[in-house]
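Chemist:
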Amino acid sequence: MQEVRGVVARGKGAPVEVTSVLVPDPGPGEAVVSVRACGVCHTDLHYREGGISDDFPFLLGHEAAGVVESVGSGVTDVAPGDFVVLNWRAVCGACRACLRGRPWYCFNTHNAAQAMTLADGTPLTPALGIGAFADKTLVHAGQCTKVDPAARPAVAGLLGCGVMAGIGAAVNTGHVGRGDSVAVIGCGGVGDGAVAGARLAGAARIIAVDTDPRKLEWARGLGATHTVNAGETDPVEAIRELTGGFGADVVIDAVGRPETYRQAFYARDLAGTVVLVGVPTPEMTLELPLLDVFGRGGALTSSWYGDCLPSRDFPLLIDLYLQGRLDLDAFVSEQIPLDDVEAAFGRMHAGDVLRSVVIL
Numbered sequence: 005m006q007e008v009r010g011v012v013a014r015g016k017g018a019p020v021e022v023t024s025v026l027v028p029d030p031g032p033g034e035a036v037v038s039v040r041a042c043g044v045c046h047t048d049l050h051y052r053e054g055g056i057s058d059d060f061p062f063l064l065g066h067e068a069a070g071v072v073e074s075v076g077s078g079v080t081d082v083a084p085g086d087f088v089v090l091n092w093r094a095v096c097g098a099c100r101a102c103l104r105g106r107p108w109y110c111f112n113t114h115n116a117a118q119a120m121t122l123a124d125g126t127p128l129t130p131a132l133g134i135g136a137f138a139d140k141t142l143v144h145a146g147q148c149t150k151v152d153p154a155a156r157p158a159v160a161g162l163l164g165c166g167v168m169a170g171i172g173a174a175v176n177t178g179h180v181g182r183g184d185s186v187a188v189i190g191c192g193g194v195g196d197g198a199v200a201g202a203r204l205a206g207a208a209r210i211i212a213v214d215t216d217p218r219k220l221e222w223a224r225g226l227g228a229t230h231t232v233n234a235g236e237t238d239p240v241e242a243i244r245e246l247t248g249g250f251g252a253d254v255v256i257d258a259v260g261r262p263e264t265y266r267q268a269f270y271a272r273d274l275a276g277t278v279v280l281v282g283v284p285t286p287e288m289t290l291e292l293p294l295l296d297v298f299g300r301g302g303a304l305t306s307s308w309y310g311d312c313l314p315s316r317d318f319p320l321l322i323d324l325y326l327q328g329r330l331d332l333d334a335f336v337s338e339q340i341p342l343d344d345v346e347a348a349f350g351r352m353h354a355g356d357v358l359r360s361v362v363i364l
């Protein structure tokens, strides 16, 4: 058992606090990871606001990279000293999705069996089974993906959630190909990841849509060929105009609201693809004319975590970063200490940053 510092949300809407966290020694199949960096993601704010569950207190943080400190019995894929990116979909290898060769849909992903606790023994719920706003965290060993240690922890950790979700939405789910036209609605961390993914895939035209001029500039820096300010013009008409009147081959909704989904639906070409990667809230509903769904053809699909397979995708993307072909550095707006997480939530909510990254 070790005592470390961690960022804890004790109640709905209450400011987070840095407090003592007890981390057990790893049991069978588990690993203790010394966290080097962890991105501040909207999902952590959703946890604090009670939007994920009411299993308070939460140990926040999940978009992380670090070094394996110790492992429990039966662990063979990682060892102490390995530089790893943490993931929240450690595939089981035995469920119906895994057995059908689709492990990115795994229905039985692994987390650590033991609980980290507050100093008084109160069990903590780790965000997405990770809890990495802490000096050290306990995870299932399958949540550790070994990558090249030459990568900066501040950028490597971003693959643990938002950037991977965006890149995967374009590459894995949307199957963007060379010469395709792509529109991305919403240019935060996930949307800009989709822009970067479309660029990697060789899209000829990448149209970034947002209402914030700052976010549109970030998207252009990551590979958008055109930008549309949806606060000033109809994005559906603008996307059609930029694609010869037809609409984009792939439209990615990185916002996850009924109005943005409708825009994505009508901004795609006939037989085009809509990818929903922005996460809706439970009360949201959508109504579309069924004849339009039938008549426009194509595919309407959702992207869970960018349909990624961490063991395949994380090392590949880190290699592309080290080759200078994927500018992960552009996603890091600021590096902050652990004590600045609450203030970083405010900057993120205001749209002042693409990603704040906690350095430990």
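Numbering (my numbering), first residue to last: 5 to 364. Every residue gets a Cβ at the ideal spot worked out from N, C-alpha and C, and that includes glycine. Only a predicted model underlies this, so the values are computations on that prediction, with no experimental measurement involved.
Quick check: what's the CA-CA separation for residue 263 versus residue 85?
Modeler: Distance between the alpha carbons of residue 263 and residue 85 is about 47 angstroms.
Chemist: Grab the span of the beta strand (DSSP E) containing residue 339 for me, first residue to last.
Modeler: First-last of the beta strand (DSSP E) with residue 339: 338 to 340.
Chemist: Can you give me the start and stop residues for the alpha helix (DSSP H) that residue 87 sits inside?
Modeler: First-last for residue 87: 87 to 90, but that is the beta strand (DSSP E), not the alpha helix (DSSP H).
Chemist: Which of helix, strand or coil does DSSP assign to residue 148?
Modeler: Residue 148: strand per DSSP, three-state reduction.
Chemist: In angstroms with no decimal places, state the Cα-to-Cα distance between residue 357 and residue 216.
Modeler: Their backbone Cα atoms lie some 12 angstroms apart in a straight line.
Chemist: Any C-beta of chain B sitting closer than 8 angstroms to the C-beta of residue 341?
Modeler: Any reference to chain B falls outside this structure, which holds one protein chain only.
Chemist: Helix, strand or coil for residue 62, going by three-state DSSP, please let me know.
Modeler: Three-state DSSP puts residue 62 in a strand.
Chemist: My understanding is that residue 188 touches residue 212, with C-beta atoms under 8 angstroms, so please give their C-beta distance in whole angstroms.
Modeler: That belief holds up - the Cβ atoms of residue 188 and residue 212 are roughly 5 angstroms apart, short of 8 angstroms.
Chemist: Taking the alpha-carbon of residue 156 as reference, which of 353, 129, 325 has the nearest alpha-carbon?
Modeler: If we check each option's Cα against that of residue 156, 325 comes out closest.
Chemist: Cβ atoms of residue 22 and residue 343: under 8 angstroms apart, would you say?
Modeler: Yes, the pair counts as a contact, with Cβ atoms nearer than the cut-off.
Chemist: Taking the DSSP output, what are the residues bridged to residue 127?
Modeler: Note: residue 127 sits in a beta bridge opposite 121.
Chemist: Anyone know if the C-beta pair for residue 364 and residue 59 falls short of 8 angstroms?
Modeler: No, the pair does not count as a contact, with Cβ atoms beyond the cut-off.
Chemist: Throw me the rounded Cβ distance for the residue 30 and residue 76 pair, which I believe falls under 8 angstroms.
Modeler: Confirmed, about 4 angstroms.
Chemist: Using DSSP's beta-bridge definition, name the partner residues of residue 267.
Modeler: Answer by DSSP bridge pairing: none, since residue 267 is not bridged.
Chemist: So residue 243 and residue 227 are supposed to be a Cβ contact under 8 angstroms. How far apart are they, rounded?
Modeler: Contact flag wrong, Cβ pair sits at about 17 angstroms.
Chemist: Name the residue from 259, 317, 137, 92 whose alpha carbon lies nearest to the alpha carbon of residue 113.
Modeler: Checking every option, the nearest Cα to that of residue 113 belongs to 92.
Chemist: Taking C-alpha atoms, which residue in 83, 194, 160 lies nearest to residue 45?
Modeler: The shortest Cα separation from residue 45 among 83, 194, 160 belongs to 194.
Chemist: Can you tell me whether residue 64 is buried or exposed, with buried defined as 16 or more other CB within 10 angstroms of its CB?
Modeler: Looking at its Cβ environment, which holds 16 or more other Cβ atoms inside 10 Å, residue 64 is buried.
Chemist: Using the C-alpha atoms, what's the distance from residue 239 back to residue 106?
Modeler: Roughly 35 angstroms between the two C-alpha positions.
Chemist: What ranges does the alpha helix (DSSP H) occupy inside the segment 194 to 268, keeping only unbroken runs of at least 4 residues that lie completely in it?
Modeler: Complete alpha helix (DSSP H) runs here, min 4: 217 to 225, 239 to 246.
Chemist: If we call anything under 8 angstroms between Cβ atoms a contact, is residue 11 one with residue 111?
Modeler: No.
Chemist: Please identify the residue among 292, 254, 296, 129 whose C-alpha is closest to the C-alpha of residue 276.
Modeler: Residue 254 is the option with its Cα nearest to residue 276.
Chemist: Would you identify the three-state DSSP class for residue 4, choosing helix, strand or coil?
Modeler: With the chain covering 5 to 364 only, the question about residue 4 has no answer from this structure.
Chemist: Can you tell me whether residue 196 is buried or exposed? The criterion is at least 16 other CB atoms within 10 Å of its CB, across all chains shown.
Modeler: Classification for residue 196: buried.
Chemist: How would you call residue 159, buried or exposed, if buried means at least 16 neighbouring beta carbons within 10 angstroms?
Modeler: Flag for residue 159 reads buried.
Chemist: Helix, strand or coil for residue 46, going by three-state DSSP, please let me know.
Modeler: Residue 46 falls in the helix class under three-state DSSP.
Chemist: If you follow the alpha helix (DSSP H) that residue 291 is in, where does it begin and where does it stop?
Modeler: Segment: none, residue 291 is in no alpha helix (DSSP H) and carries neither H nor E.
Chemist: I need the DSSP call for residue 40, collapsed to helix, strand or coil.
Modeler: If DSSP states are grouped into helix, strand and coil, residue 40 belongs with the strands.
Chemist: Using the C-alpha atoms, what's the distance from residue 25 back to residue 5?
Modeler: The alpha-carbon atoms of residue 5 and residue 25 are separated by roughly 10 angstroms.
Chemist: When you compare each of 42, 177, 72 to residue 198 by their alpha carbons, which one comes out closest?
Modeler: Checking every option, the nearest Cα to that of residue 198 belongs to 177.
Chemist: Nearest to residue 185 by CA position, among 154, 170, 273, is which residue?
Modeler: Per the Cα distances, 273.
Chemist: What are the partner residues of residue 189, as DSSP defines its beta bridges?
Modeler: Bridge partners of residue 189: 213, 257.
Chemist: What does residue 67 pair with, by DSSP beta-bridge criteria?
Modeler: Paired residue(s): 43.
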